[in-house]
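What follows is one structure encoded as structure tokens, with my remarks underneath.
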Amino acid sequence: MGRRARPRDPYRAGPVNATIPAPARRTPGEGRFTFTATTPLSADPALAGAAQWLRGALTPATGLPLPEGPGGVELRLVAGLGPEEYRLTATSGSVLIEATGPAGAFYGAQTLRQLLDPAAFRAGRTGDRAWSIPAVEIADAPQYGWRGCLIDVARHFLPKNDLLRYIDLLAAHKLNVLHLHLTDDQGWRLEIRKYPRLTEVGAWRRESPVGAARHQRFDGRPHGGFYSQDDIREIVSYAADRFVTIVPEIDLPGHTQAAIAAYPELGNLDERLPVRTEWGVGENVLNVADATIAFFTDVLDEVLELFPGRYVCVGGDEVPKTQWNESVPAKERIRELGLHDADELQSWLMRHFTDYLLARGRSPLGWDELLEGGLPPGVTVAAWRGDKCAVLAVRAGHDVVVSPFSETYLDFRQADGDQEPVPIGSVTSLRAVHAFDPVPGGLGDEERGRILGAQAALWTEHIDSPRLLDYMAFPRLAAFAEAMWSGARDFEDFLARLAVHERRLDALGVEYRPAGGPHPWQRRPDAPGHPRTRAEIDAQLARWTSSLRL
Ligand code: ACM
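Quick note: the working numbering has the sequence shown finishing at residue 557, numbered continuously throughout.
If you want it as structure tokens, here you go:
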């Protein structure tokens, strides 16, 4: 049939050392543990969720019933480990996963699945095979508590089932935060009962750009979609079962044209605006009227009902001040409040929402532009414009999650060359992502403690389908997960493990970028990009942050 031979299977070549992320410590043992139809699985009641997940993951793929009972695989509650820490001890006679909490047991179970043949990642059986894992002792815990990924479901909607699949993919890589960018100029994706037009009007746009903004190409095709409140409840609960916390983002006061299209009284102009059909930073921002503040307080009331996690992102990025500088009510507010300028007006406005969240026991997250008008008290800063912003926020006494756009924005192209689908930004290679260190240089020990972790970001202006999302996310998200979990630095070793991991991704149906570049169907010759060099990106960063003093 002309099929090419598969490359030699490294999994079968010798003892497995192919888990991704690499564990903190791993000691190979002698022999293998072999699963049979009677191999039992048991768990301490406190860890029953992880056992249930493991059975649910393995049984369809392997046909192993894993009946309840002692011996075989045991999830045991022990004292003294961290909340996400686990120990996995496999001998020829048993598999023991020890944890102090359910998250640790879940990560132990995820590791166990990776020790099996990659076919264990399929959703059904592919034939009889012997299921076994190598004897090993693994002692493992993450370096950072915030190991996140942002998915922008606003620019291109990600249907619910695809989002659930991404939650499984994050969990399989021991990532634990999904930052959902739910609202932007080009789409509002969250049903709000009190304001139905947010989704009736704001969830779809007339057409979308094809390629980078400068080419002014449009597809003439409506785009839309939103999550109902029941969809969100389902997503949140599905994520919680996999120890993924969802951080919802309602981006304020910029990136709000979809909301203004739905409710024109939220904007600064008398004209009616459509849901935006261009990419890039838009001028249309919220006005600063009491009624607008009340509107978004109502929105946040519903957000808090739906999302039980501690953090809620209220945006704050890329807010052009043009309209406020020309608006009589905005200028009036600045004068009344004794503020210096529109940057301070933004911080004043944002403080309503951050104080609102703090008063309800939640923690506000906001982008680092909030530094410009003064950080609202208690805000955790999402530092995307480089180390300088992260360091300034830490020194101002704030917790920080870093997501430097030149290192962790996975919408940036993966390699040079015109074959990459919609090449934008500079090159963010697999090697560079693997080498990523979330802690900016120059911080003291105590200051370092304020870096909660990091998140990769999948902005989707140029990612218009789940297939392309796979291409941009993987394998870089696997490298990011390793950088965050254990920080293993041997890239050649990562590549050797990736050869096995790609078979897991194949089994899961993930259309990752092949090492040699895109398959023909993964290219986008119809969508011209705007590739830049790293020097250009760094110069842009320096311009953006030039008003900030370290
Ligand atoms: C961002 O990339 N505007 C946070």
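C-beta atoms are modelled at their ideal positions from N, C-alpha and C, and glycine is treated no differently.
Note that the structure is a prediction, hence the values are computed from the model and not measured.
Counted within 10 angstroms of its Cβ, other Cβ atoms place Lys201 as buried (16 or more) or exposed: On the sequence shown, position 194 is the one that residue 201 refers to. When all chains shown are included, Lys201 counts as exposed.
Fully enclosed by the stretch 173-199, which alpha helix (DSSP H) runs are 4 residues long or longer? none
Close Cβ partners of Ala12 (< 8 Å) along its chain, the five nearest in sequence each way excluded: If you number the sequence shown from 1, residue 12 lands on position 5. With a pLDDT of only 42 at Ala12, under the threshold of 50, the placement of this residue in the model should not be trusted; the figure read from the coordinates follows. So no residue of the chain qualifies.
Return the first residue and the last residue of the beta strand (DSSP E) that Tyr318 is part of. The residue you call residue 318 lines up with position 311 of the sequence shown. Unbroken beta strand (DSSP E) run through Tyr318: 318-322.
Collapsed DSSP secondary structure at Ala480 in the structure displayed: Numbered from its first residue, the sequence shown carries residue 480 at position 473. Helix, per DSSP.
Inter-residue spacing [alpha-carbon to alpha-carbon] between Leu185 and Gly209: Numbered from 1 along the sequence shown, position 178 holds the residue referred to as residue 185. Numbered from 1 along the sequence shown, position 202 holds the residue referred to as residue 209. Distance between the alpha carbons of Leu185 and Gly209 is about 23 Å.
Would you tell me roughly how many angstroms separate the C-alpha atoms of Asp362 and Pro384, rounded to the nearest one? Against the sequence shown, residue 362 aligns to sequence position 355. Against the sequence shown, residue 384 aligns to sequence position 377. Approximately 8 Å, taken between the alpha carbons.
Gly373 and Gly424 - do their beta-carbons sit closer together than 8 Å? Taking the first residue of the sequence shown as 1, we reach residue 424 at position 417. Taking the first residue of the sequence shown as 1, we reach residue 373 at position 366. Contact: no.
What are the uninterrupted segments assigned as beta strand (DSSP E) that are 3 or more residues long and contained completely in the stretch 19-84, given in chain order? 32-41, 48-50, 80-84
Would Pro525 pass as a contact of Pro428 if the rule is Cβ separation under 8 Å? Working through the sequence shown from its first residue, we reach residue 525 at position 518. Working through the sequence shown from its first residue, we reach residue 428 at position 421. Cβ atoms of Pro525 and Pro428: closer than 8 Å.
Could you check if Ser554 is buried or exposed, using at least 16 other CB atoms within 10 Å of its CB as the buried criterion? Residue 554 sits at position 547 when you count from the first residue of the sequence shown. Label assigned to Ser554: exposed.
Let me check one thing: in DSSP terms, what residues is Thr96 bridge-paired to? For the purposes of this step, residue 96 is taken as residue 89 along the sequence shown, with counting starting at 1. BP columns for Thr96 point to Leu103, Glu144.
Assigned secondary structure, Ser244 (DSSP; H/G/I helix, E/B strand, else coil): By 1-based counting over the sequence shown, the position of residue 244 is 237. Three-state DSSP puts Ser244 in a helix.
Leaving out five residues before and five after Ala110 in sequence, what residues of the same chain have Cβ atoms less than 7 Å from its Cβ? As a first step, residue 110 is located in the sequence shown; it is residue number 103 there, counting from the start. Closer than 7 Å at Cβ, skipping near neighbours: Pro90, Glu91, Phe250.
Label Arg15 either buried or exposed according to how many other C-beta atoms from any shown protein chain fall within 10 Å of its C-beta, with 16 as the threshold for buried. For the purposes of this step, residue 15 is identified with residue 8 of the sequence shown, where counting begins at 1. A caution first: Arg15 carries a pLDDT of 45, below 50, which makes its placement in the model unreliable, though a value can still be read off. Its Cβ having fewer than 16 others within 10 Å, Arg15 is exposed.
Distance between beta carbons of Gly218 and Ala534, contact taken as under 8 Å: Position 527 of the sequence shown, counting from 1, holds the residue named residue 534. Position 211 of the sequence shown, counting from 1, holds the residue named residue 218. Right, the Cβ-Cβ distance comes to about 4 Å (below 8 Å), so this counts as a contact.
Could you have a look at Leu331 and say whether DSSP puts it in helix, strand or coil? For this step, residue 331 is matched to residue 324 along the sequence shown. Sequence check: residue 331 is Trp here, not Leu. In the structure shown, Trp331 sits in a helix (DSSP, three-state: H, G or I).
Using a Cβ-based criterion (distance less than 7 Å to any ligand heavy atom), does Asp348 qualify as near the ligand ACM? Walking along the sequence shown from the start, residue 348 turns up at place 341. False, no ligand heavy atom lies under 7 Å from that Cβ.
Under a Cβ-count criterion, where at least 16 other Cβ atoms within 10 Å of its own Cβ denotes burial, should Thr26 be classed as buried or exposed? Along the sequence shown, read from residue 1 onward, the residue named residue 26 stands at position 19. Its Cβ being crowded by 16 or more others within 10 Å, Thr26 is buried.
What is the C-beta distance between Glu489 and Ala148, in whole angstroms, given that I count them as a contact (C-beta under 8 Å)? Reading the sequence shown from its first residue, position 482 is the one you call residue 489. Reading the sequence shown from its first residue, position 141 is the one you call residue 148. In fact, because the Cβ distance is near 14 Å, the residues do not count as touching under 8 Å.
State buried or exposed for Glu272, treating a residue as buried only when at least 16 other CB atoms are found within 10 Å of its CB. Start at 1 with the first residue of the sequence shown, and residue 272 comes out as number 265. Glu272 should be labelled exposed.
Do you know offhand how far Trp528's Cα is from Arg224's? Mapped onto the sequence shown, residue 528 falls at position 521. Mapped onto the sequence shown, residue 224 falls at position 217. Those two C-alpha atoms are separated by around 21 Å.
Sequence-distant residues of the same chain with beta carbon closer than 6 Å to Leu364, five excluded per side: As a first step, residue 364 must be located in the sequence shown, where it is residue number 357. Here the set comprises Val319, Pro371.
Once you ignore the five residues that flank Leu378 on each side, which residues in its own chain have a CB closer than 7 Å to its CB? Along the sequence shown, read from residue 1 onward, the residue named residue 378 stands at position 371. Correct list, in chain order: Cys396, Leu399, Ala400, Leu555.
Close Cβ partners of Gly152 (< 7 Å) along its chain, the five nearest in sequence each way excluded: Counted from its first residue, the sequence shown places residue 152 at position 145. Hits under 7 Å: Leu459, Gly460.
Could you check where the beta strand (DSSP E) with Thr252 kicks off and where it finishes? On the sequence shown, residue 252 is found 245 positions in, with the first residue counted as 1. Its beta strand (DSSP E) spans residues 252-259.
Proximity test, Trp286 beta-carbon vs the ligand ACM heavy atom, cut-off 7 Å: Locating residue 286 in the sequence shown gives position 279, counting from the first residue. Not so, every heavy atom of the ligand ACM lies at least 7 Å from the Cβ.
Can you give, in chain order, each stretch of the beta strand (DSSP E) that sits fully within the stretch 366-399 and has at least 3 residues? 370-374, 387-390
Take the Cβ of His222 as the centre, count every other Cβ of all protein chains shown within 10 Å, and call the residue buried at 16 or more, exposed below. As a position in the sequence shown, residue 222 is number 215, starting the count at 1. Classification for His222: exposed.
Run through the DSSP bridge pairs and tell me what Pro166 is partnered with. For the purposes of this step, residue 166 is taken as the residue at position 159 of the sequence shown. DSSP lists no partner for Pro166.
Starting from Ile458, trace the alpha helix (DSSP H) in both directions and tell me its first and last residue. Against the sequence shown, residue 458 aligns to sequence position 451. Run containing Ile458: none in the alpha helix (DSSP H); it sits in the beta strand (DSSP E), 458-465.
Of the choices Asp545, Leu71, Ala179, Ala161, whose alpha-carbon is the least far from that of Arg136? Indexing the sequence shown from 1 puts residue 136 at position 129. Ranking the options by Cα distance to Arg136, first place goes to Leu71.
Just confirm the distance between the C-beta atoms of Gln193 and Ala265, as a whole number of angstroms; I'd bet it's less than 8 Å. By one-based count along the sequence shown, residue 193 stands at place 186. By one-based count along the sequence shown, residue 265 stands at place 258. Confirmed, about 7 Å.
Would you say Ala127 and Leu82 are within 8 Å of each other, going by their C-beta atoms? Locating residue 127 in the sequence shown gives position 120, counting from the first residue. Locating residue 82 in the sequence shown gives position 75, counting from the first residue. In this structure, Leu82 does not lie closer than 8 Å to Ala127 by Cβ.
Is it right to say Gly21 is buried, meaning 16 or more other beta carbons lie within 10 angstroms of its own, or is it exposed? As a working note, residue 21 is residue 14 in the sequence shown. Its pLDDT being 43, under 50, Gly21 is placed unreliably in this model, and the value from its coordinates should be taken loosely. Gly21 is exposed by the Cβ-count criterion.
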